[in-house]
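Per the working numbering, numbering through the sequence shown is continuous, rising by one, with the last residue being 106. Beta carbons are placed, not taken as given, at the ideal position from N, Cα and C, and that holds for glycine. Only a predicted model underlies this, so the values are computations on that prediction, with no experimental measurement involved. Report on one structure; see the data block that follows.
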Amino acid sequence: MATVETLNEIANTFLSEDKVEISKWFGKPCLKSQNKVFLVLWGKDLAFKLTGMAHVNALALPKARLFDPRGKGSAMREWVHVDIKDSDVLKEFVQHAFNYVIEQG
Numbered sequence: 002m003a004t005v006e007t008l009n010e011i012a013n014t015f016l017s018e019d020k021v022e023i024s025k026w027f028g029k030p031c032l033k034s035q036n037k038v039f040l041v042l043w044g045k046d047l048a049f050k051l052t053g054m055a056h057v058n059a060l061a062l063p064k065a066r067l068f069d070p071r072g073k074g075s076a077m078r079e080w081v082h083v084d085i086k087d088s089d090v091l092k093e094f095v096q097h098a099f100n101y102v103i104e105q106g
């Protein structure tokens with residue numbers, strides 16, 4: 002289960018030069034860098050912006066699914082909604098999501 006405290010803890014793991022900030026997206030707490038959202042707290046779960054094998058691996062997790070913020074069958078193809086309980090897995094996806102938005106420039 003993820004909370005706002007989880008989001009704060011994640012934000013604090015980044016260096017100041019990474020310029021990660023806590024913001025709102027769809028009215029929910031999120032993390033962004035370079036004005037691009039890479040992680041959002043959605044209920045008690047997290048959704049990550051991922052690509053490549055990180056995206057595939059995230060979708061392979063139990064209860065994982067493409068992120069559909071409106072809940073109307075129009076999922077965001079790069080986003081994966083997951084219920085992560087393993088902190089090592091969480092760190093891995095956070096880093097992949099962050100790297101992805103940084104690489105997009």
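Start-to-end residues for the alpha helix (DSSP H) that takes in residue i
i     : result
Glu6  : 5-13
Lys92 : 88-105
Leu60 : 53-60
Start and end residues, beta strand (DSSP E) containing residue i
i     : result
Asp68 : It is Phe, not Asp, that sits at residue 68 in the sequence shown. Per DSSP, Phe68 belongs to the beta strand (DSSP E) from 66-68.
Ala48 : 46-50
Lys37 : 37-43
Residues bridged to residue i (per DSSP)
i     : result
Ile23 : Leu32
Met77 : Phe68
CA-to-CA distance, residue j to residue i, given in whole angstroms
i      : j      : result
Met2   : Lys86  : 7 Å
Gly106 : Leu8   : 23 Å
Val5   : Pro70  : 18 Å
Asp46  : Tyr101 : 20 Å
Ala12  : Lys73  : 30 Å
Residue j beta carbon less than 8 Å from that of residue i
i     : j     : result
Val95 : Leu40 : yes
Leu42 : Pro30 : yes
Ala48 : His82 : yes
Lys1  : Glu10 : Outside the shown range of the chain (2 to 106) lies residue 1, about which nothing can therefore be said.
Proximity test, residue i beta-carbon vs the ligand MN heavy atom, cut-off 7 Å
i     : result
Asp19 : This structure simply doesn't include the ligand MN, nor any ligand for that matter.
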